[in-house]
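So for the sequence shown, full-length UniProt numbering puts the first residue at 1; every next one is plus one. Think of the CB as a built atom: it goes at the ideal place given N, C-alpha and C, for glycine as much as any other residue.
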Amino acid sequence: MSSSQLAGRTVARVGFGAMQLERLRDDRPAAVALLRRALDLGVEHVDTAEFYGNGFVNDVIREAVGDDVLIATKVGANPDPGGPVPLRLAQRPEELRASVEDNLRTLGTERIALVNLRRAELRPGLLAEGDQLVDVDDQLAVLTALRDEGKIGAIGLSSVGLDTLRRALPAGIACVQNAYSLVARDDEEMLRLCLAEDIAWVPFFPLGGAFPGLPKVTDEPAVQAAAAALGVTPAQIGLAWLLHHAPNVHLIPGTASVAHLEANIAAGSVVLDAETLAALDAVPSRSLDAALG
Numbered sequence: 001m002s003s004s005q006l007a008g009r010t011v012a013r014v015g016f017g018a019m020q021l022e023r024l025r026d027d028r029p030a031a032v033a034l035l036r037r038a039l040d041l042g043v044e045h046v047d048t049a050e051f052y053g054n055g056f057v058n059d060v061i062r063e064a065v066g067d068d069v070l071i072a073t074k075v076g077a078n079p080d081p082g083g084p085v086p087l088r089l090a091q092r093p094e095e096l097r098a099s100v101e102d103n104l105r106t107l108g109t110e111r112i113a114l115v116n117l118r119r120a121e122l123r124p125g126l127l128a129e130g131d132q133l134v135d136v137d138d139q140l141a142v143l144t145a146l147r148d149e150g151k152i153g154a155i156g157l158s159s160v161g162l163d164t165l166r167r168a169l170p171a172g173i174a175c176v177q178n179a180y181s182l183v184a185r186d187d188e189e190m191l192r193l194c195l196a197e198d199i200a201w202v203p204f205f206p207l208g209g210a211f212p213g214l215p216k217v218t219d220e221p222a223v224q225a226a227a228a229a230l231g232v233t234p235a236q237i238g239l240a241w242l243l244h245h246a247p248n249v250h251l252i253p254g255t256a257s258v259a260h261l262e263a264n265i266a267a268g269s270v271v272l273d274a275e276t277l278a279a280l281d282a283v284p285s286r287s288l289d290a291a292l293g
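(1) Please confirm if the region 1-11 is in contact with the region 169-179, defined as three or more CB-CB distances below 8 angstroms between the two stretches.
(2) Of the residues G15, V32, R13, A12, which one's Cα is nearest the Cα of L21?
(3) Under DSSP, the beta strand (DSSP E) around I155 begins and ends at which residues?
(4) Our contact map puts L96 next to V75 with C-beta atoms below 8 angstroms; I'd like the distance itself, whole angstroms only.
(5) Let me know the alpha helix (DSSP H) ranges lying completely inside the region 52-96, each 4 residues or longer, listed in chain order.
(6) Mind checking L140: buried by the 16 CB within 10 Å criterion, or exposed?
(7) I'd like to check one pair, W241 with L277: are the Cβ atoms closer than 9 angstroms?
(8) Where A259 and A274 are concerned, what is the direct C-alpha to C-alpha distance, given to the nearest angstrom?
(9) Cα-Cα, which of H45, R23, L280 is closest to S3?
(10) Mind checking whether V160 and L122 have CB atoms under 9 angstroms apart?
(11) Please return the same chain residues whose Cβ sits closer than 7 angstroms to the Cβ of G238, not counting the five positions on each side in sequence.
(12) Strictly by DSSP, which residues pair up with H244?
(13) Would you check if the region 36-50 and the region 143-158 touch, i.e. whether three or more CB-CB distances between them fall below 8 angstroms?
(14) Can you tell me whether L162 is buried or exposed, with buried defined as 16 or more other CB within 10 angstroms of its CB?
(15) For A227 and G268, I'd like the C-alpha separation in whole angstroms.
(16) Please report the straight-line C-alpha distance between L133 and R119, rounded to a whole angstrom.
(17) What are the complete alpha helix (DSSP H) segments, minimum 4 residues, inside the region 185-217?
(18) Could you give the DSSP three-state label for H250: helix, strand or coil?
(19) Return the first residue and the last residue of the beta strand (DSSP E) that R9 is part of.
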């Protein structure tokens, strides 16, 4: 599995998104075992958040993961177990600082290698409104202060537009996490800016289809044809395409299944030749806004 720079460290390009571990809340040993299996398979980057299972996922990471793994968390939302969705936005500077402190506590560490600011200015997901509409400069000021204090190592951005990224560059941005896949390439210009600025690109929803109306990578005939030709799954083709598309891409596919975990990590070894890449590149990109209506 190839490696690349993320938050100042060289790590394997296929990491693990820990959100799905919440599905194992009633079988904590299974959650710990799944995460340890990911590490055995070469995962060196685990992506989490305090609002994943209201701290449950962070607590599992605290038990299963050592200091040699890059832990990335995100702030900008807090757990809301009784709400219509299990999180609520928390965009104000004082809320961001409190969220970092919550993550430090539940992860059991004095320093988090990478903290991503979930800006909530793009769909899919919650959009900021009212007092949650906060200037990015004010948000970056508190995160920069936390970095200066040694509580976080690097700052990333999530759910942001191109103008926001450009404004944020002077703060020193380590990565961008946006929804992006073979069938939803709205952010191609942003990806290229990140490549030019040595910023890691960490797409979520890498196979599309996470919300009703979003196209699925695995439904594409070109993806299915490539999978059949190479003897792998359509999902592995979708993940492999992302890794081939740009060298700054890091993947964080998540699952609660050991079999799916192993398949996801194996996608990092799938080689796509020029002809296959050309066929995949020709798959039309659909706008997320248009798909969501």
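The relevant details are as follows:
(1) yes
(2) V32
(3) Its beta strand (DSSP E) spans residues 152-158.
(4) 5 angstroms
(5) 56-64
(6) buried
(7) yes
(8) 29 angstroms
(9) H45
(10) It is a contact, given that the beta carbons lie within the stated cut-off.
(11) S181, L182, P206, L207, V217, T218, V223
(12) DSSP lists no partner for H244.
(13) Result no; under three Cβ-Cβ pairs closer than 8 angstroms.
(14) exposed
(15) 14 angstroms
(16) 9 angstroms
(17) 188-196
(18) It is coil, neither helix nor strand.
(19) 9-12
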